[in-house]
Structure formats: C-alpha cells, structure tokens
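Here is the structure we will look at, set down as structure tokens.
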Ligand code: DGL
C-alpha cells in the first residue's frame with residue numbers, strides 16, 4: 130500500500146484545535162486537513178446526512194493516500210464513525226484506519242473526576258446521539274454524566290461574536306444550565322472542537338474546583354500512543370512535517386476563519402467531495 134499523510138477531517142474549522150495539538154505532539158508527520166465548510170455546521174443535521182457527508186470526506190482522504198484518518202469532529206464521530214469503521218472500512222479500505230475524538234476523550238475521564246459527576250458541553254447532534262454517556266459508561270459505569278446542547282456556540286465562534294455581550298449571554302446561559310443540573314460536577318468536557326476558543330470565558334465562570342477538559346491535547350497524546358503501538362500504520366504515514374489544507378468552501382473564507390484558530394496564516398485549496 131502507498132504511504133501518505135495523516136488525514137484530519139472536520140465539518141469546518143473546529144478541527145483545527147485538534148490539528149494544532151497533534152502537530153505539536155507529532156511534528157514529524159505530514160497532514161492533510163479537510164474542512165467540509167460548504168456544508169457545515171453538521172451539529173444540527175440528521176444522522177443519515179452526517180454519515181453520508183463524513184463517508185464522502187473519508188473516501189476523499191483515502192483517495193489522497195491517507196492511511197489513517199482522524200475524524201476531528203464530535204458530531205461526525207458520534208453519528209458516523211461506528212458505521213464507517215464497521216460497515217464501510219472492510220469494503221473500501223480494509224488496511225486503513227479511521228479514528229474519532231470521543232473515545233480518546235472519555236477513556237481517561239475517571240482519572241479526572243473525584244466526585245464522579247461529569248458535564249458535557251456539545252452540539253445538539255452530539256448530545257442527541259448520547260455518545261458521550263454511552264462511551265463513559267463503558268469505562269466508568271459509576272460516573273454520572275450530564276449533557277447540555279449549545280446550539281449557538283459554533284455560529285458565535287465562526288462569526289467571531291463569542292467575545293461580545295451577545296455572545297457572553299449564550300455562553301453563560303448554557304454553562305449555567307449545565308451546572309444547575311448537578312452541583313457535584315467537578316469535570317466538564319468540551320465535546321465540540323470549536324469550544325476550546327471559549328476556554329478563557331468558561332474558566333472565568335466556573336468555580337476553581339471544576340476542571341475543564343479540552344480535547345486537543347488528549348487526542349494528540351492518544352494518537353502518539355496509537356502510532357507507537359500500531360507500527361504497521363505508522364510506517365505508512367509519511368514524514369516531512371507538511372500540512373495541506375483543503376476546504377469544500379472558498380479558500381479565502383476558510384483562511385479567514387482559520388485565523389481565529391491558528392496563530393500562523395495558512396493557504397487553503399478548494400476541493401469537491
Ligand atoms: N466540529 C463540530 C464538533 O466538534 C462542530 C461544528 C459543527 O456543528 O459542524 O462537533
């Protein structure tokens with residue numbers, strides 16, 4: 130099989146928070162980032178649609194020789210990953226791998242929480258799928274999970290309105306709703322790749338004993354471990370430290386939005402799925 134870059138897929142620009150951490154932890158590899166910006170957000174779309182779109186993106190990245198794809202989107206991980214891994218992969222690319230972001234974020238949660246009461250902030254799609262509760266229950270049946278869907282947060286971030294009084298209103302509203310569900314929550318998972326941009330605002334609004342977990346560093350560490358354990362996959366990932374950015378929208382629109390997430394300026398290319 131041909132070697133190639135590691136593929137990172139997101140509905141839009143949110144996955145850049147994951148890519149940034151992966152690049153820092155594993156700078157030696159080549160990456161292709163694919164954002165389906167033309168059809169984002171996925172968070173409010175049906176299971177069937179998210180699955181169909183995600184499968185198209187996976188096929189695209191396979192056609193670009195990616196031996197390994199990280200679905201850096203919670204909505205796509207919760208609604209499409211399992212079907213792709215179990216149903217599609219054996220047919221389209223048996224020797225390739227597709228991983229998500231929910232499993233790595235949940236498998237250590239029992240180490241972070243003392244009270245065993247955990248809160249999840251995510252898109253309506255991710256909350257509706259119940260994926261976080263299901264995954265956490267597998268590893269830690271004694272952990273109580275509360276979820277809050279934040280439908281406004283992604284549009285606020287994408288429009289750079291999260292630091293305005295209007296943005297603050299929605300951030301406070303959803304965060305308070307989560308905290309009111311259970312006063313014993315001591316750990317909050319940001320279950321959407323956009324939300325790390327809200328970290329300063331969220332930290333300001335929670336008591337100091339509440340830990341807020343951002344997925345990027347966790348996913349990056351887990352990927353490092355995965356590659357060291359699966360040398361047959363690692364040996365198919367090319368090294369050169371390059372990153373190529375593809376978007377289904379206009380590259381200029383992508384570059385503008387990406388500047389909210391990354392410190393360096395980047396060049397993107399348009400692609401069709
Ligand atoms: N990146 C997606 C996630 O992590 C949120 C954006 C969207 O709704 O498309 O869930």
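Numbering (our numbering), first residue to last: 130 to 402.
All residues carry an ideal CB built from backbone N, CA and C; glycine is no exception.
For clarity, every value in this text was computed on a predicted model and none was experimentally measured.
**Asked** Under 7 Å, do residue 210 and residue 136 count as touching if we go by C-beta distance?
**Response** Stepping through the chain shown from its first residue, residue 210 is reached at position 81. Stepping through the chain shown from its first residue, residue 136 is reached at position 7. Not in contact: residue 210 and residue 136 (Cβ atoms no closer than 7 Å).
**Request:** Pick out whichever of 255, 141, 134 and 230 has its Cα sitting closest to the Cα of residue 389.
**Result:** Your numbering for residue 389 matches position 260 in the chain shown. Ranking 255, 141, 134 and 230 by Cα distance to residue 389 puts 141 first.
**Request:** Pair every Cβ in the stretch 195-203 with every Cβ in the stretch 224-232, then say whether three or more of these pairs are closer than 8 Å.
**Result:** yes
**Prompt:** Quick one: what's got a C-beta closer than 7 Å to residue 239's C-beta in the same chain, skipping five residues either side?
**Reply:** Numbered from its first residue, the chain shown carries residue 239 at position 110. The answer, listed in chain order, is 268, 269 and 272.
**Request:** Decide if the stretch 318-331 is in contact with the stretch 274-286; the criterion is three or more beta carbon pairs, one per stretch, under 8 Å apart.
**Result:** yes
**Request:** Could you tell me which residues DSSP pairs with residue 138 in its beta bridges?
**Result:** Position 9 of the chain shown, counted from the first residue, corresponds to residue 138. DSSP, once it has assigned bridges, lists 163 and 200 as partnering residue 138.
**Item:** Burial state of residue 287, where buried means 16 or more other Cβ atoms lie within 10 Å
**Value:** To locate residue 287, count along the chain shown from 1; it is residue 158. Label assigned to residue 287: buried.
**Asked** Taking C-beta to C-beta, are residue 301 and residue 154 nearer than 7 Å?
**Response** Position 172 of the chain shown, counting from 1, holds the residue named residue 301. Position 25 of the chain shown, counting from 1, holds the residue named residue 154. Going by C-beta atoms, residue 301 is not nearer than 7 Å to residue 154.
**Request:** Check the DSSP bridge columns for residue 226 and list the partner residues they point to.
**Result:** By one-based count along the chain shown, residue 226 stands at place 97. Partner(s): 197.
**Prompt:** When we look at the beta-carbon of residue 403 and count the other beta-carbons within 10 Å, is it buried (16 or more) or exposed?
**Reply:** Absent from the model: residue 403. The displayed extent of the chain is 130 to 402, so no value can be given.
**Message:** Considering just the uninterrupted stretch of the beta strand (DSSP E) at residue 232, what are its terminal residues?
**Reply:** On the chain shown, position 103 is the one that residue 232 refers to. Unbroken run through residue 232 is the alpha helix (DSSP H), 231-235; no beta strand (DSSP E).
**Item:** Given residue 246 as reference, the closest of 162, 283 and 338 once Cα atoms are compared
**Value:** Position 117 of the chain shown holds residue 246. Residue 246 has its Cα closest to that of 338, out of 162, 283 and 338.
**Request:** Select from 274, 205 and 331 the residue whose C-alpha is nearest the C-alpha of residue 171.
**Result:** For this step, residue 171 is matched to residue 42 along the chain shown. Residue 205 is the option with its Cα nearest to residue 171.
**Prompt:** Among 143, 138 and 371, which has the Cα closest to the Cα of residue 391?
**Reply:** If you number the chain shown from 1, residue 391 lands on position 262. Residue 391 has its Cα closest to that of 143, out of 143, 138 and 371.
**Request:** With residue 283 as the anchor, note down where its beta strand (DSSP E) starts and where it stops.
**Result:** As a first step, residue 283 is located in the chain shown; it is residue number 154 there, counting from the start. Where residue 283 is concerned, there is no enclosing beta strand (DSSP E), although the alpha helix (DSSP H) it sits in stretches over 282-287.
**Start and end residues, beta strand (DSSP E) containing residue 130** = Locating residue 130 in the chain shown gives position 1, counting from the first residue. Careful: residue 130 lies outside any beta strand (DSSP E) and carries neither H nor E.
**Residue interval of the alpha helix (DSSP H) (run including residue 238)** = The sequence position of residue 238 within the chain shown is 109, counting from 1. Element bounds for residue 238: 238-241.
**Asked** Fully enclosed by the stretch 293-330, which alpha helix (DSSP H) runs are 4 residues long or longer?
**Response** 294-310
**Prompt:** Touching or not, the stretch 362-380 and the stretch 327-346, by the rule of three or more beta carbon pairs under 8 Å?
**Reply:** no
**Segment limits, alpha helix (DSSP H) that includes residue 358** = By one-based count along the chain shown, residue 358 stands at place 229. Residues 344-358.
**Request:** Kindly examine the ligand NAD and report whether one of its heavy atoms sits closer than 6 Å to the Cβ of residue 321.
**Result:** Looking for the ligand NAD in the displayed structure turns up nothing; the ligands present are the ligand DGL.
**Item:** Rounded C-alpha distance that separates residue 250 from residue 229
**Value:** Working through the chain shown from its first residue, we reach residue 250 at position 121. Working through the chain shown from its first residue, we reach residue 229 at position 100. Approximately 17 Å between the Cα atoms of the pair.
**Request:** Go to residue 145, then tell me how far its beta strand (DSSP E) extends in each direction, as first and last residue.
**Result:** The count along the chain shown starts at 1 and reaches residue 145 at position 16. No beta strand (DSSP E) holds residue 145; the alpha helix (DSSP H) holding it covers 145-154.
**Message:** For residue 344 and residue 252, what's the separation of their Cα atoms in angstroms?
**Reply:** Here residue 344 refers to the residue found at position 215 of the chain shown. Here residue 252 refers to the residue found at position 123 of the chain shown. Their Cα atoms are separated by approximately 15 Å.
**Asked** Would you call residue 275 buried or exposed, if buried means 16 or more other Cβ atoms sit within 10 Å of its Cβ?
**Response** As a working mapping, residue 275 is identified with position 146 in the chain shown. Buried is the call here.
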